[in-house]
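So the sequences go chain by chain: A and B. Residue numbering for the first sequence follows our numbering, starting at 1 and increasing by one per position. Residue numbering for the second sequence follows our numbering, starting at 1 and increasing by one per position. Below is one structure; the comments refer to it alone.
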Amino acid sequence: MTVREFLEWLSLAPGVSGFEGPVAARIEGAWAGLAGEVRRDRLGNVIALKRGDRPGSPKLMLAAHMDEIGLMVTRVEPDGFLRFAGVPEVDLRTLPGKEVVVHGRRDLRGVVGHPPPHILSPEDTKKLPKLEDLFIDVGLAAVRARELVAVGDPITFRAEVRELKGGLVAGKGFDDRAGVAVLHQCLEELAGLHHAVDVYAVATVQEEVGLRGAVVGTYGIQPDLAIAVDVHLGDTPGVPEHKSFTLDKGPVITMGANIHPVLHRDLVAVARDLNIPFQLEAAPAGTGTDAVAMQVSRSGIPTALVSIPCRYMHSPVETVALADVARAGRLLAHFAARRTPGYLEELAWS
Amino acid sequence: MKELIGRLTGAYGPSGREDEVRRLIAGELEGHVDGCRTDALGNLIAWKGGPGPRIMLAAHMDEIGFMVTHVDENGFARYAVVGSMDHQVLLGQRVVFPGGRMGVIGSERVEKPEEMKHEKLFIDAGAGAGVGVGDVAVFHRPLEESGCRLVAKAMDDRVGCAILVEVGRRLTSAPNQVFLVFTAQEEVGLRGARTSAYGIGPDCGVAVDVTDTGDTPKARTMEVSLGKGPAVKVMDTYLMCHPGVRRALEESAAAAGTPFQREVLERGGTDAGAIAVTREGVPAGVVSIPTRYIHTPSEMVDYADVEGAVALLLAFVSRPLDLS
Chain A
1 MTVREFLEWL
11 SLAPGVSGFE
21 GPVAARIEGA
31 WAGLAGEVRR
41 DRLGNVIALK
51 RGDRPGSPKL
61 MLAAHMDEIG
71 LMVTRVEPDG
81 FLRFAGVPEV
91 DLRTLPGKEV
101 VVHGRRDLRG
111 VVGHPPPHIL
121 SPEDTKKLPK
131 LEDLFIDVGL
141 AAVRARELVA
151 VGDPITFRAE
161 VRELKGGLVA
171 GKGFDDRAGV
181 AVLHQCLEEL
191 AGLHHAVDVY
201 AVATVQEEVG
211 LRGAVVGTYG
221 IQPDLAIAVD
231 VHLGDTPGVP
241 EHKSFTLDKG
251 PVITMGANIH
261 PVLHRDLVAV
271 ARDLNIPFQL
281 EAAPAGTGTD
291 AVAMQVSRSG
301 IPTALVSIPC
311 RYMHSPVETV
321 ALADVARAGR
331 LLAHFAARRT
341 PGYLEELAWS
Chain B
1 MKELIGRLTG
11 AYGPSGREDE
21 VRRLIAGELE
31 GHVDGCRTDA
41 LGNLIAWKGG
51 PGPRIMLAAH
61 MDEIGFMVTH
71 VDENGFARYA
81 VVGSMDHQVL
91 LGQRVVFPGG
101 RMGVIGSERV
111 EKPEEMKHEK
121 LFIDAGAGAG
131 VGVGDVAVFH
141 RPLEESGCRL
151 VAKAMDDRVG
161 CAILVEVGRR
171 LTSAPNQVFL
181 VFTAQEEVGL
191 RGARTSAYGI
201 GPDCGVAVDV
211 TDTGDTPKAR
221 TMEVSLGKGP
231 AVKVMDTYLM
241 CHPGVRRALE
251 ESAAAAGTPF
261 QREVLERGGT
271 DAGAIAVTRE
281 GVPAGVVSIP
291 TRYIHTPSEM
301 VDYADVEGAV
311 ALLLAFVSRP
321 LDLS
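Here it is in structure tokens:
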């Protein structure tokens, strides 16, 4: 599969936080052929292990989250319309008029509706709708709706993956399936490289609701070093230039308190050496990614963060450059391949 | 069991000072469990049955309260809230300090209602010395019955404690090793659950706690009502319930012949949120008692829901654990 095909295949699989089963199954299948061992832990993280060729070498954990933002049914109204909550809290600007899939007893297509402008006052048409004003219409009357849909059923956005010009693609769940695609690309590249370190590729659960998969996954694996792969603000009007990153100009390598300076230094060194374009981000305190949870697991893990610039985050038209995904995968693979069995000594604080 | 709920809700036990509640529960469980210990944070951990998988049931002992931050020369005490509390329910409430010292919550003169906040309120604990910085008061209200409804302060979560005590007493044999954990400091950050789950290393965790309802006039949309049975949680702010645990709990309700409701709580959390991310991860779920007016002195439950929760949990721990 090409990077585009793989990303599309992941994007189309449902996987709201806590309900990652379908997307996890696809990742597990894809990684079975690339890593020696693949397992699921007790919270549902997919963990692939590609052993290095020098036993006793450090363990490198790469993590990208596979859960996507979505909704959850909170009530089936007497007229068959569905009320819902966000998982996590939802950006109300993105909702009206969206197509969704309600994962009830079977999958039901639906639309997010709200009262039409004809009955609203001119002032009200200018206001952001409230969650209470919105509902999902699957087209069923109450009796049938209640047979097929229950409180607690997850809901995903329905969006095809569209190719834009300039090597860009748009779709849902690229946050952070683009990161999972990076891990996949990394495993593919590693097949052609010698590497001393054991590489754990982990597709984590429940990042969007509190980094929970990374918390338990890191505890279980007990890595010696860890790199999170996530998406980061792309360049669009309305996003300040100093806070955004240009699509197709390479992955973002972060520095700051969440990041071990030596890991940062060596990621940059590998990128420079291979002529992989990259962008730098300064994140003084936290990063809001799985890297936060991984860094403070057990007695502390040297951690880094590599990100894919992404426009329109937390919408069904998240947009990334395919080349950035391929570049990040290559960067991580060569970073892994160049770690020596004694690399941990370089990470010691002086 | 009503009588037990009365004694438990009447006990003094704000977060970090759960001793009276712990002693009461330990006494109630004596002779009914295989063993009992208290950990470093003050969690009471009792166990029974086995030697199968380890199931941890958790209910928190602590209640919300008022910690004195300053006492002026006339004896009026300012406070910090222990846990979370809306100042709107406080004016004129009676509170009690350990040792039985009473206080009444009064207010400065406030021109507009929107100016009201905790900083404008104080505790009037009567003239003379007796209350100092760091002392903690809790609401002073006895348990009342109103038809099939029970009303008390600290129903959150002494009703859960009562349910766990009842499960411990009625459980005769179980294929699982059942840990009944009465946690400390839930209201201030799920702290007792974190350390007790780490210590136990359970294969499955279920919190038993109160939850909001949507059945009062113009309430926020929530499909949980009093009297329709205990609720099996799907999600809250801290937890996406493990699908296998949810299924097992729902099947246990059916096996016990008790109705249940599905719960989606948009704001709030329970000990299960901490249990789930312990060590390498613990499949976790929640059995909730629908409760109106949570974090007020008049938390209201339906007794049938309480009995239903006991039946559900007994069925759950008595069956072989299957989380598939």
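The beta-carbon is built from N, C-alpha and C at its ideal position, and this holds for glycine as well.
- Residues of the region 294-320 of chain A with a C-beta atom less than 7 angstroms from some C-beta of chain B do not occur.
- Just so you know, the alpha carbons of alanine 197 of chain B and alanine 269 of chain A end up roughly 43 angstroms apart.
- For tyrosine 343 of chain A, the enclosing alpha helix (DSSP H) has its first and last residue at 343-347.
- Under the Cβ criterion of 8 angstroms, valine 71 of chain B is not counted among the residues facing chain A.
- With 16 or more other CB atoms across the displayed protein chains lying within 10 angstroms of its CB, proline 283 of chain B is buried.
- Under the Cβ distance rule, glutamate 223 of chain B counts among the residues neighbouring chain A, one pair being separated by less than 8 angstroms.
- The alpha-carbon separation between histidine 194 of chain A and proline 243 of chain B amounts to approximately 40 angstroms.
- In the three-state reduction of the DSSP assignment, proline 277 of chain A falls in the coil class.
- Under the three-pair Cβ rule at 8 angstroms, the region 290-303 of chain A does not count as touching the region 244-252 of chain A.
- Contact annotation, valine 23 of chain A with glycine 29 of chain A: C-beta distance approximately 11 angstroms; criterion of less than 8 angstroms not satisfied.
- Taking every protein chain shown into account, the CB of arginine 106 of chain A has fewer than 16 other CB atoms within 10 angstroms, so this residue is exposed.
- Looking only at B:Val136, B:Val21, B:Ala309, B:Ile200, the smallest Cα-Cα distance to serine 252 of chain B is reached by B:Ala309.
- Among the residues of chain B, none has a CB under 7 angstroms from the CB of alanine 48 of chain A; the nearest is roughly 17 angstroms distant.
- Taking CB atoms only, methionine 72 of chain A has a neighbour in chain B less than 8 angstroms away.
- Between the C-alpha atoms of glycine 113 of chain A and threonine 319 of chain A there is a straight-line separation of about 25 angstroms.
- At least 8 angstroms separates the beta-carbon of leucine 171 of chain B from that of glycine 285 of chain B.
- Among the CB atoms of chain B, none fall inside 8 angstroms of the CB of alanine 228 of chain A.
- Tyrosine 238 of chain B reaches chain A at Gly210, counting residues in chain order whose Cβ is nearer than 8 angstroms.
- Counting only runs of 3+ residues, the beta strand (DSSP E) found wholly inside the region 244-274 of chain A occupies 252-256, in chain order.
- Here aspartate 324 of chain A carries a helix assignment [DSSP, helix/strand/coil].
- By the C-beta density criterion, proline 14 of chain B is buried, having at least 16 other C-beta atoms within 10 angstroms.
- Looking from the CA of isoleucine 5 of chain B, the closest CA among B:Thr69, B:Ala46, B:Asp156 belongs to B:Asp156.
- In this chain, the beta strand (DSSP E) harbouring valine 208 of chain B covers 204-211.
- Ranked by Cα distance from glycine 52 of chain A, the first of A:Leu190, A:Ile221, A:Val216 is A:Leu190.
- Across the set B:Pro53, B:Met61, B:Lys2, B:His87, the C-alpha of B:Met61 shows the shortest separation from the C-alpha of alanine 26 of chain B.
- Chain-ordered listing is empty here: chain A has no CB closer than 8 angstroms to the CB of glutamate 187 of chain B, the nearest sitting near 19 angstroms.
- For aspartate 34 of chain B, there is no enclosing alpha helix (DSSP H), as DSSP marks it with neither H nor E.
- Leucine 12 of chain A and arginine 39 of chain A have their C-alpha atoms spaced approximately 22 angstroms apart.
- Spanning the alpha carbons of glycine 281 of chain B and isoleucine 275 of chain B requires a straight line of approximately 8 angstroms.
- Distance from the CA atom of alanine 248 of chain B to the CA atom of aspartate 322 of chain B, rounded to whole angstroms, is 7 angstroms.
- It is roughly 10 angstroms from the alpha-carbon of tryptophan 349 of chain A to the alpha-carbon of histidine 260 of chain A.
- In the DSSP assignment, phenylalanine 19 of chain A falls outside any alpha helix (DSSP H) and carries neither an H nor an E.
- Shown here, lysine 2 of chain B sits in a helix according to DSSP, grouped into three states.
- Annotated as proximal: valine 3 of chain A and glutamine 185 of chain A, with beta-carbon spacing under 8 angstroms.
- Chain-ordered, the chain A residues with CB closer than 7 angstroms to the CB of proline 283 of chain B read Arg42.
- Sequence-distant Cβ neighbours of arginine 149 of chain B in its own chain, meaning closer than 6 angstroms and more than five residues away, are Met300, Asp302.
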